[in-house]
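Below you'll find the structure, written out as structure tokens, and then a few comments.
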Amino acid sequence: MIIVNLDVMLAKRKMRVGELADAIGISLQNISVLKTGKAKAIRFSTLDSICKVLDCQPGDILEFQPDESETGS
Amino acid sequence: MARQKTSAENARFWSVQLRRFVNCVAVLTIIILIALIAVALIRPDLAPELDNNIEFVQLSGLARFTLLASTFVYVAMFLLPLWYLQRLLGLWSSGLLLTAPAARDMKRTGVTLLVATIIEHVYVPLSDFALNLLQGQIVMEVEFDFQAMGFIAGGILYIAGLVMEEAARLAEEAELVI
Chain F
1241 MIIVNLDVML AKRKMRVGEL ADAIGISLQN ISVLKTGKAK AIRFSTLDSI CKVLDCQPGD
1301 ILEFQPDESE TGS
Chain R
6 MARQKTSAEN ARFWSVQLRR FVNCVAVLTI IILIALIAVA LIRPDLAPEL DNNIEFVQLS
66 GLARFTLLAS TFVYVAMFLL PLWYLQRLLG LWSSGLLLTA PAARDMKRTG VTLLVATIIE
126 HVYVPLSDFA LNLLQGQIVM EVEFDFQAMG FIAGGILYIA GLVMEEAARL AEEAELVI
């Protein structure tokens, strides 16, 4: 599964979640959906805006972790 | 220059108007039905003449009760689709266009309309047969009066409800696309 590590980058850039939401033009609720892993997909335009504001690469905020059922095999 | 309304805004507007109309039709039907039943019970001599030239006053108490009860059920079968339709229009007028509850109500409107149409085709010959039986005649008149539109409308609504279920699923998924 894909993990969204927004908290780590926000801490590095000393930015609050609300400031990020305002900067990229999406609601706080949607940021929360992203952070908590409930999002089904992320648009390239949203990823582009996040990387611009946080001055980072997509790989800095997106991480792949195998599901627990897959690691068992 | 006035901004053009979106499809969603138009859908909400017309849902409000149609819901008002559907509610008026349902309330009027209920009032007329209750009034007719009250007249038939209180002043049977004023009740309308039935098919086969039978006067309501000629019927026994049990026959009158059975006839009134079956008429009540017959009309209720057509009020049931109106009930689900006004629920559906209520959801749409609140802005809940592509949702699972709306899809459910659309399917139910279709199914109840189909059932009402089937009963309509069966009720009239059966009630005529019962009235003929009361006159000592075992006669059943069968008319070919196939109401295709009822079947088509009910079927279309049910299928549209299935399509809307899929649309609601996609809309829910789209909300989780950030």
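Chains as they are written, first to last, in our numbering: chain F, 1241 to 1313; chain R, 6 to 183.
Backbone N, C-alpha and C define an ideal beta-carbon position, used for all residues, glycine too.
Please read all numbers here as calculations on a predicted model, not as lab measurements.
A check of alpha carbon separations from Ile36 of chain R across R:Val80, R:Thr122, R:Trp19 and R:Leu51 identifies R:Val80 as the nearest. Beta-bridge analysis with DSSP links Phe1304 of chain F to F:Ile1242.
Here Ala1279 of chain F carries a coil assignment [DSSP, helix/strand/coil]. Across the segment 159-182 of chain R, CB contacts with chain F closer than 8 Å involve Glu178, Leu181 and Val182, in sequence order along the chain. According to the DSSP assignment, Lys1292 of chain F belongs to the alpha helix (DSSP H) that extends over Phe1284 to Leu1294. In chain order, Ile183 make up the part of chain R whose C-beta sits under 8 Å from the C-beta of Ile1266 of chain F. DSSP places Val62 of chain R in no alpha helix (DSSP H); its state is neither H nor E. Measuring C-alpha to C-alpha distances from Glu177 of chain R to each of R:Trp97, R:Asp110 and R:Leu101 identifies R:Leu101 as the nearest. Annotation: the continuous alpha helix (DSSP H) that includes Gln91 of chain R extends over Gly66 to Ser98. The alpha-carbon separation between Gly1299 of chain F and Ile1242 of chain F amounts to approximately 11 Å. Beta-bridge pairing by DSSP links Val182 of chain R to F:Ala1281.
Contact of Lys1278 of chain F with chain R by beta-carbon distance below 8 Å involves Leu181. In the three-state DSSP reduction, Gly115 of chain R falls in the helix class (H, G or I).
Taken through DSSP and simplified to helix, strand or coil, Ile1266 of chain F comes out as coil. Pairing Asp1307 of chain F with Asp1247 of chain F, the inter-Cα distance amounts to about 21 Å. Close CB contacts of Ile1271 of chain F within its chain, under the 7 Å cut and outside five residues either way in sequence, are with Val1257, Leu1260 and Ala1261 (chain order). Of the other Cβ atoms in all chains shown, 16 or more fall within 10 Å of the Cβ of Trp97 of chain R; this residue is therefore buried.
Going by beta carbons, Thr114 of chain R and Gln152 of chain R fall outside the 8 Å limit. Within chain R, no C-beta atom comes nearer than 7 Å to that of Ile1242 of chain F; the closest sits roughly 12 Å away. Here Met154 of chain R is exposed: its Cβ has fewer than 16 other Cβ atoms, across all protein chains shown, within 10 Å. Exclusion of the five residues before and after Asn28 of chain R leaves Gln91 as the residues of its chain whose Cβ lies within less than 7 Å of its Cβ.
The beta carbon of Leu1294 of chain F sits closer than 6 Å to the beta carbons of Met1249 and Arg1253 from its chain, once the five residues preceding and following it are set aside; these are given in chain order. For Gly66 of chain R, the number of other beta carbons within 10 angstroms of its own is below 16, and it is reported as exposed. Taken in chain order, the members of the segment 1279-1290 of chain F whose beta-carbon sits within less than 8 Å of a beta-carbon on chain R are Ala1279, Lys1280, Ala1281, Ile1282, Arg1283 and Thr1286.
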